[in-house]
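Numbering (the numbering used here), first residue to last: 4 to 372.
Report on the following structure.
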Amino acid sequence: MEEINLINFLKDNGLSLPKYFQLGVKKSPFNVDASIKILESKNKNFNADMKFTFSNPEYSGLGNKYDWANSVILISYDYFSETGLNYFTFPGYGHIAKFAEKNYYTPLKQFIEEISEIFKVNNLKFETFVDNPQHYDRLFFESVGLGWQGKSTMSLSPGIGPWQLLGTIYTSGQFVSNTGKSFSCGECNLCQSSCPTGAIDSAYNLDSRKCISYWLQSPEIVPYEIREKIGNKFYGCDDCLTSCPPGQKNVIQLSKENKQEVNLLNILQSNDEDLLREFEWFYIPKRNPDYLRRNALIALGNNPFDKFEINLSELYPIFSNQLKIYVLWALYINHYEALATSLVKKHDSKNKVLLDECESLENMISQKN
Ligand code: B12
Ligand code: SF4
Ligand code: SF4
Numbered sequence: 004m005e006e007i008n009l010i011n012f013l014k015d016n017g018l019s020l021p022k023y024f025q026l027g028v029k030k031s032p033f034n035v036d037a038s039i040k041i042l043e044s045k046n047k048n049f050n051a052d053m054k055f056t057f058s059n060p061e062y063s064g065l066g067n068k069y070d071w072a073n074s075v076i077l078i079s080y081d082y083f084s085e086t087g088l089n090y091f092t093f094p095g096y097g098h099i100a101k102f103a104e105k106n107y108y109t110p111l112k113q114f115i116e117e118i119s120e121i122f123k124v125n126n127l128k129f130e131t132f133v134d135n136p137q138h139y140d141r142l143f144f145e146s147v148g149l150g151w152q153g154k155s156t157m158s159l160s161p162g163i164g165p166w167q168l169l170g171t172i173y174t175s176g177q178f179v180s181n182t183g184k185s186f187s188c189g190e191c192n193l194c195q196s197s198c199p200t201g202a203i204d205s206a207y208n209l210d211s212r213k214c215i216s217y218w219l220q221s222p223e224i225v226p227y228e229i230r231e232k233i234g235n236k237f238y239g240c241d242d243c244l245t246s247c248p249p250g251q252k253n254v255i256q257l258s259k260e261n262k263q264e265v266n267l268l269n270i271l272q273s274n275d276e277d278l279l280r281e282f283e284w285f286y287i288p289k290r291n292p293d294y295l296r297r298n299a300l301i302a303l304g305n306n307p308f309d310k311f312e313i314n315l316s317e318l319y320p321i322f323s324n325q326l327k328i329y330v331l332w333a334l335y336i337n338h339y340e341a342l343a344t345s346l347v348k349k350h351d352s353k354n355k356v357l358l359d360e361c362e363s364l365e366n367m368i369s370q371k372n
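Pasting the structure below:
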């Protein structure tokens, strides 16, 4: 059967490539396999406790997943160019990484859905993947000519850099392949030097145990040394993206609507329902809103507003133990040790967890001085 151009095929079926989207195609079967690399990363415990693609690397990293597939399509959505970045930071505000300021997976999934509908009408078989544990989304990015994998591990394209979300479609349709191009980071290592925690000290390998983006989604207790490096981040981390030259624009475009900044006190004072609704697209362990409050307490400890200690003292009695330890930390690192210990004495004088926490915070502070 003759191979056809995918863009023309979609156009003939009434679908044009929307602005901010890129497509790349590879003929299948195609010999690309990331299973061993994902397994190597897992064996070094770089996955921390995450399952995702690490649960079954032999399958998630496999390129030739379906005997019936004749083509693989990589879809990329540039979520940056329309709105730009927000750099402003005020005391008491936390920062959301660009990819999460709203649900940017929605337009990507919608476009993939539209392509799928056309395949259905044309009796073509297909399987789609977006952020799915069964498929490593960066797998075909280089082979279809969209760009390269950078030292930050991000998939980068000229003019867009890392600011893109990815999806994949396997299909029985026979489409013309794109050829891979030869790009690389060259001598650049700005992502590595701008990462606050050293999570990408080894180029092309990310150690999630040190990654802020991981910790702000983790159900585990965040280590003291990571808490300070989180700074005012409330969800996600963009430091290795903002530093990446291929993603920097000639004109700095600042976001008109400030959706990347959140008032941290509002978050701490919100009820569970409101919080889960406001951040509905975030990955929140067990959908427990206390993890959002935890993130807010860390960001507030690092970026407090004037007299924040008064609000924290009021909130302390109504918080769970899990949150109280972060209230104590935020007070300690801002030199309100006496206030922290008085709160424990008043409300939790028999609570061993919190008494022990005060002791380890004392040690942490004394080691610093
Ligand atoms: C788990 C996960 C995370 C984890 C771990 C990240 C990671 N690098 O693995 C955490 C929570 C830290 C995370 C963070 C982020 N994530 Co995430 N995440 C995923 C997920 C679910 C799986 C990734 C995976 O399989 N990792 C396995 C490891 C081993 O892969 P890897 O790090 O890419 O490693 C490769 C290289 O090391 C390479 N390699 C090894 N040696 C060498 C040597 C050379 C020379 C070369 C070229 C390559 C190379 O081999 C490995 C396999 O190919 C994917 C969705 C999916 N299903 O694929 C999204 C995904 C990777 N995340 C995404 C995003 C947007 C982010 C964040 C930007 C969000 C944010 N702002 O906070 C950050 C970016 C952090 C970063 N620098 O990567 C996008 C990335 C899009 C892009 N342009 O690359 C994805 C693809 C989701 C999507 N569908 O768009 N994420
Ligand atoms: S997301 Fe942040 S912490 Fe993670 S590797 Fe990038 S800069 Fe480092
Ligand atoms: S900052 Fe430089 S080294 Fe890092 S991914 Fe971007 S181009 Fe590559």
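Quick reminder that beta carbons are idealized off the backbone N, C-alpha and C, glycines included.
Given the structure is predicted, the values throughout are model-derived calculations rather than measurements.
Alanine 103 and glutamine 370 have their C-alpha atoms spaced approximately 36 angstroms apart. In this structure, DSSP gives leucine 219 a state outside helix and strand, which the three-state scheme calls coil.
Per the DSSP secondary-structure output, leucine 168 pairs in a beta bridge with Tyr80. Assigned with DSSP and collapsed to three states, histidine 350 falls in helix. Contact annotation: tyrosine 80 and tyrosine 23 have beta-carbon atoms nearer than 8 angstroms. If you check the CB distance, phenylalanine 178 and serine 19 do not come in under 8 angstroms. Non-local beta-carbon contacts of lysine 154 in its own chain, meaning distances under 7 angstroms to residues more than five positions away in sequence, involve Cys188, Asn192, Cys194, Gln195, Ile203, Ala206 and Tyr207 in chain order. A contact is defined here as three or more CB-CB pairs under 8 angstroms, and the region 50-57 meets this definition with respect to the region 209-221.
Of the heavy atoms belonging to ligand 1, at least one sits nearer than 7 angstroms to the Cβ of methionine 53. In this structure, DSSP gives glutamine 195 a helical state, which the three-state scheme calls helix. No heavy atom of ligand 3 is found nearer than 7 angstroms to the CB of proline 161. Take arginine 297, set aside five residues on each side of it, and the residues of its chain with a beta-carbon closer than 8 angstroms to its own are Val225, Gln325, Leu326 and Tyr329, in chain order. Histidine 338 is bridged by DSSP to nothing; it lacks a bridge partner.
Tryptophan 284 is not a Cβ neighbour of asparagine 46, given a cutoff of 8 angstroms.
Nearest neighbour of lysine 30 by Cα position, chosen from Gly148, Arg141, Ala343 and Asn181, turns out to be Asn181.
Residue state for serine 180 is assigned as coil, using DSSP reduced to three classes. Remark: C-beta atoms of isoleucine 78 and isoleucine 172 approach each other more closely than 8 angstroms. When the alpha-carbon of glutamate 365 is set against those of Ile336, Glu317, Lys236 and Ile121, the nearest one is in Ile336. Taking all protein chains in view, the Cβ of tyrosine 217 is crowded by 16 or more other Cβ atoms within 10 Å, so the residue is classified as buried. Rounded to whole angstroms, the separation of the alpha carbons of aspartate 351 and leucine 357 is 7 angstroms. The beta carbon of isoleucine 115 sits closer than 7 angstroms to the beta carbons of Ile78, Thr131, Val133, Gly170 and Ile172 from its chain, once the five residues preceding and following it are set aside; these are given in chain order. Threonine 174 sits buried, since 16 or more C-beta atoms from the chains shown fall within 10 Å of its C-beta. Contact between leucine 142 and alanine 37 is confirmed by a C-beta separation of about 6 angstroms, below the 8 angstroms threshold. In the three-state reduction of the DSSP assignment, asparagine 8 falls in the coil class, being assigned neither a helical nor a strand state. By the Cβ test, the region 137-152 is not in contact with the region 81-101, since fewer than three Cβ pairs between them sit closer than 8 angstroms. In this structure, serine 246 sits near serine 197, with a CB-CB distance shorter than 8 angstroms. In the three-state DSSP reduction, glutamate 317 falls in the helix class (H, G or I).
Restricting attention to alpha helix (DSSP H) runs no shorter than 4 residues, the region 51-95 encloses them at 60-63, ordered along the chain.
In chain order, Asn89, His98, Ile99, Lys101 and Glu104 place their CB closer than 7 angstroms to the CB of glutamine 263, counting only its own chain and leaving out the 5 sequence neighbours on each side. Assigned with DSSP and collapsed to three states, tyrosine 108 falls in helix.
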